[in-house]
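Quick note on the working numbering: the sequence shown kicks off at 41 and runs consecutively. Idealized CB from N, CA, C, for every residue including glycine. It should be emphasised that the depicted structure is a prediction, and the values quoted were computed from it without experimental measurement.
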Amino acid sequence: MRFIDEFRDAGLTHKLAQKIARISAKPARFMEFCGGHTVAIMRNGIRQLLPPNIEMLSGPGCPVCVTANQDIDRAIALSTIPNVTVTTFGDMLKVPGSYSSLQKARAEGGDIRIVYSTQDALQIARDNPSRSIAFIGIGFETTAPTIAASIMQAEKENLNNYHVLCHLKMTPPAMKALLDLGEIKLNGIICPGHVTAIIGTRPYESYARDYGIACVVAGFEPVDILQAVEMLVQQMENNNPQVQIAYTRGVKPEGNIKALELMNDVFDVTSAAWRGIGTIPSSGFKLRDKYTRFDADKVFKIETPPAREAPGCRCGEVLRGTVKPPECTLFRKICLPENPVGPCMVSSEGTCAAYYQYGDFNE
Ligand code: SF4
41 MRFIDEFRDA
51 GLTHKLAQKI
61 ARISAKPARF
71 MEFCGGHTVA
81 IMRNGIRQLL
91 PPNIEMLSGP
101 GCPVCVTANQ
111 DIDRAIALST
121 IPNVTVTTFG
131 DMLKVPGSYS
141 SLQKARAEGG
151 DIRIVYSTQD
161 ALQIARDNPS
171 RSIAFIGIGF
181 ETTAPTIAAS
191 IMQAEKENLN
201 NYHVLCHLKM
211 TPPAMKALLD
221 LGEIKLNGII
231 CPGHVTAIIG
241 TRPYESYARD
251 YGIACVVAGF
261 EPVDILQAVE
271 MLVQQMENNN
281 PQVQIAYTRG
291 VKPEGNIKAL
301 ELMNDVFDVT
311 SAAWRGIGTI
321 PSSGFKLRDK
331 YTRFDADKVF
341 KIETPPAREA
351 PGCRCGEVLR
361 GTVKPPECTL
371 FRKICLPENP
381 VGPCMVSSEG
391 TCAAYYQYGD
401 FNE
């Protein structure tokens with residue numbers, strides 16, 4: 041197949057669903073790690089196409105959702121420091137922290153600007169040499185290379201008023217942490233397409249080898265996802281867990297070597313706080329010492345009161361796959377996209393937002 045429409049073809053989608061129903065005998069529980077997959081699965085009614093013995097769970101693959109309250113609080117606190125302009129992707133603006141959100145902080149006078157790329161943030165830094173411009177670095181390995189490139193660009197231009205508050209995270213350690221928690225018994229993982237395009241498939245090999253879990257990297261169209269489910273079912277039925285790529289038009293086994301080199305030059309590995317999971321060792325990126333002057337953490341004194349969670353919000357459990365959004369008593373009653381209680385209702389990749397928009401609320 042060469043054209044994107046072919047990956048949305050209804051006839052092919054139904055044929056794949058029929059094949060899955062035919063070959064799938066055992067009860068199976070698969071998790072899609074990536075928030076982009078969650079939205080695609082919900083929007084295209086993929087779960088309804090699968091036989092009842094296959095359960096799909098959503099995982100912690102929405103970068104905004106897994107950002108811990110303490111880190112959101114730090115972004116808000118940064119915006120209250122005199123002479124600092126905070127730049128951020130739009131998804132972050134409405135995300136509630138412990139006591140406020142960037143949106144509220146902006147309404148209260150903070151200079152907080154939405155940008156569409158790190159290039160926009162760099163331009164704001166060039167245009168405002170007397171102010172400090174801090175970019176909120178939230179995301180996974182897909183976002184990390186562009187942030188790394190922006191730091192190298194700032195160094196090249198000697199743009200010393202550009203800074204990054206780095207809360208970037210790595211996906212494989214979070215998957216491993218979920219498996220080690222043992223709360224949910226998984227048979228297979230739909231591995232993230234865009235992240236794997238950067239990191240390659242090697243980080244998943246231990247899930248198949250050590251945990252006996254089938255792993256398939258998927259794209260984001262209905263045919264992509266059903267092909268991945270079919271491959272997961274084949275692995276499971278044949279008792280042959282391994283790592284396979286269904287998304288061959290986007291992913292190479294070795295990943296993107298140039299992007300990895302770029303990330304490696306700028307970032308070191310550190311522990312990171314994940315909403316719902318806690319602190320995971322070696323699961324985050326921090327700026328290397330040679331880039332300290334661009335590190336908002338080092339340049340500014342950011343002080344926050346102790347973080348707290350919104351009462352009743354079950355985002356942590358949603359992100360671990362132990363509950364589905366309709367099991368949260370606030371879902372669709374108090375927690376709505378226009379009045380989100382937790383981040384999973386805010387983000388375009390959030391599981392609660394996806395259920396709200398496309399879900400069957402009676403499940
Ligand atoms: Fe949190 Fe709202 Fe989701 Fe409940 S429905 S888990 S309150 S985001």
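From residue i to residue j, what does the alpha carbon distance come to, in whole angstroms?
i: residue 235; j: residue 211; result: 8 Å
i: residue 134; j: residue 112; result: 11 Å
i: residue 175; j: residue 167; result: 15 Å
i: residue 402; j: residue 378; result: Reliability fails at residue 402, whose pLDDT of 46 lies under 50, so the model's placement of it is uncertain and no value is given.
i: residue 130; j: residue 152; result: 10 Å
i: residue 96; j: residue 223; result: 15 Å
i: residue 98; j: residue 397; result: 15 Å
i: residue 142; j: residue 122; result: 16 Å
i: residue 140; j: residue 82; result: 30 Å
i: residue 74; j: residue 355; result: 15 Å
i: residue 155; j: residue 100; result: 24 Å
i: residue 259; j: residue 239; result: 15 Å
i: residue 265; j: residue 94; result: 14 Å
i: residue 170; j: residue 201; result: 8 Å
i: residue 70; j: residue 149; result: 45 Å
i: residue 383; j: residue 136; result: 7 Å
i: residue 386; j: residue 138; result: 15 Å
i: residue 61; j: residue 89; result: 9 Å
i: residue 78; j: residue 335; result: 33 Å
Please classify residue i: does DSSP put it in a helix, a strand, or coil?
i: residue 327; result: strand
i: residue 258; result: coil
i: residue 111; result: helix
i: residue 379; result: strand
i: residue 312; result: strand
i: residue 322; result: strand
i: residue 98; result: strand
i: residue 347; result: coil
i: residue 156; result: coil
i: residue 403; result: Below a pLDDT of 50, predicted positions are generally treated as unreliable, and residue 403, at 49, falls in that range; no measurement from the model is reported.
i: residue 358; result: helix
i: residue 197; result: coil
i: residue 133; result: coil
i: residue 149; result: coil
i: residue 88; result: helix
i: residue 72; result: strand
i: residue 283; result: strand
i: residue 204; result: strand
i: residue 229; result: strand
i: residue 128; result: strand
i: residue 49; result: coil
Flag this pair as yes or no: are the beta carbons of residue i and residue j separated by less than 8 Å?
i: residue 241; j: residue 285; result: yes
i: residue 57; j: residue 276; result: no
i: residue 206; j: residue 325; result: yes
i: residue 213; j: residue 320; result: yes
i: residue 161; j: residue 127; result: yes
i: residue 365; j: residue 395; result: yes
i: residue 318; j: residue 360; result: no
i: residue 48; j: residue 261; result: yes
i: residue 291; j: residue 255; result: no
i: residue 237; j: residue 281; result: no
i: residue 204; j: residue 52; result: no
i: residue 307; j: residue 188; result: yes
i: residue 434; j: residue 124; result: Here the chain covers residues 41 to 403 and nothing more, so residue 434 does not appear.
i: residue 63; j: residue 263; result: no
Are the segment 263-272 and the segment 218-233 in contact at 8 Å, needing three or more beta carbon pairs?
-> Enough Cβ pairs lie closer than 8 Å, so yes.
Cβ contact (3+ pairs, closer than 8 Å) linking the segment 113-120 and the segment 332-351 | Between the segment 113-120 and the segment 332-351, the count of Cβ pairs shorter than 8 Å is three or higher; the stretches touch.
Can you find at least 3 beta carbon pairs, one from the segment 175-194 and one from the segment 103-112, that sit closer than 8 Å?
-> With the cut-off at 8 Å, the segment 175-194 and the segment 103-112 touch.
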